[in-house]
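First the structure, in the form of structure tokens, and then the observations on it.
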Amino acid sequence: MSEQDPPDIVIFSNLIWGAAVVCLRKFFLDRLKLEISGQNAQEILMEIVVDSFTDDTGGHLHRAWTFANHCRKSAYTLGYINQLLRNEILQSVANMEAYMNAADSEKIKEKISTSGLQITYSKNIVKIGNYQFSFNKVAH
Numbered sequence: 012m013s014e015q016d017p018p019d020i021v022i023f024s025n026l027i028w029g030a031a032v033v034c035l036r037k038f039f040l041d042r043l044k045l046e047i048s049g050q051n052a053q054e055i056l057m058e059i060v061v062d063s064f065t066d067d068t069g070g071h072l073h074r075a076w077t078f079a080n081h082c083r084k085s086a087y088t089l090g091y092i093n094q095l096l097r098n099e100i101l102q103s104v105a106n107m108e109a110y111m112n113a114a115d116s117e118k119i120k121e122k123i124s125t126s127g128l129q130i131t132y133s134k135n136i137v138k139i140g141n142y143q144f145s146f147n148k149v150a151h
């Protein structure tokens, strides 16, 4: 979508944001059996993951999430951004899963307990693409 002339910035932005959110949800569903409900919980949980790193991986992850958030909030302004930067956004978000897989789940679990997030217990199954995840907690 980014490489079309003119680029379809709205679809590009929606795909970038969707990919970032799916990556975040899959991480928490797979590692902690935790489903995420709502934008506030997404922001808090991503901050917890970013803060769990002691190296520059957290900075790379934060940058990717910031790019995705910018796409969500300001899709139409991306039309003024050159293709090189759009490709950087795409690559950054594409690397999110690898960054998140390097995170320390135990450290994240500890931070969640003091985060102020409302966690409810609910046993269920969610399907994301071809993957199926069972969960027993929901973060609000």
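Residue numbers (my numbering): 12 to 151. Note that beta-carbon positions come from the ideal geometry of N, C-alpha and C, so glycine has one too. Because the structure is a prediction, the values reported are computed rather than measured.
Query	Result
LYS120: first and last residue of the uninterrupted beta strand (DSSP E) it sits in	It is not in any beta strand (DSSP E) - LYS120 instead sits in the alpha helix (DSSP H) that spans 116–124.
C-beta contact flag for TYR132 and LEU72 at 8 Å	no
Residues of its chain near GLN143, where Cβ-Cβ distance is below 7 Å and the 5 sequence neighbours each way are ignored	ILE136
Bounding residues of the alpha helix (DSSP H) (the contiguous stretch that carries GLN53)	50–62
Of the listed residues LYS148, LEU128, ALA105 and LYS134, nearest to ALA75 (C-alpha basis)	ALA105
Contact check, ILE119 vs SER63, beta carbons under 8 Å	yes
Candidates TRP28, ASN141, PHE38 and SER145, of which the one nearest SER85 by Cα	TRP28
Span of the alpha helix (DSSP H) around TYR110	107–112
Secondary structure of GLN143, DSSP reduced to three states	strand
DSSP state of ILE130 mapped onto helix, strand, coil	strand
Identity of the residues DSSP links to LYS84 by a beta bridge	LYS84 pairs with nothing; no bridge assigned.
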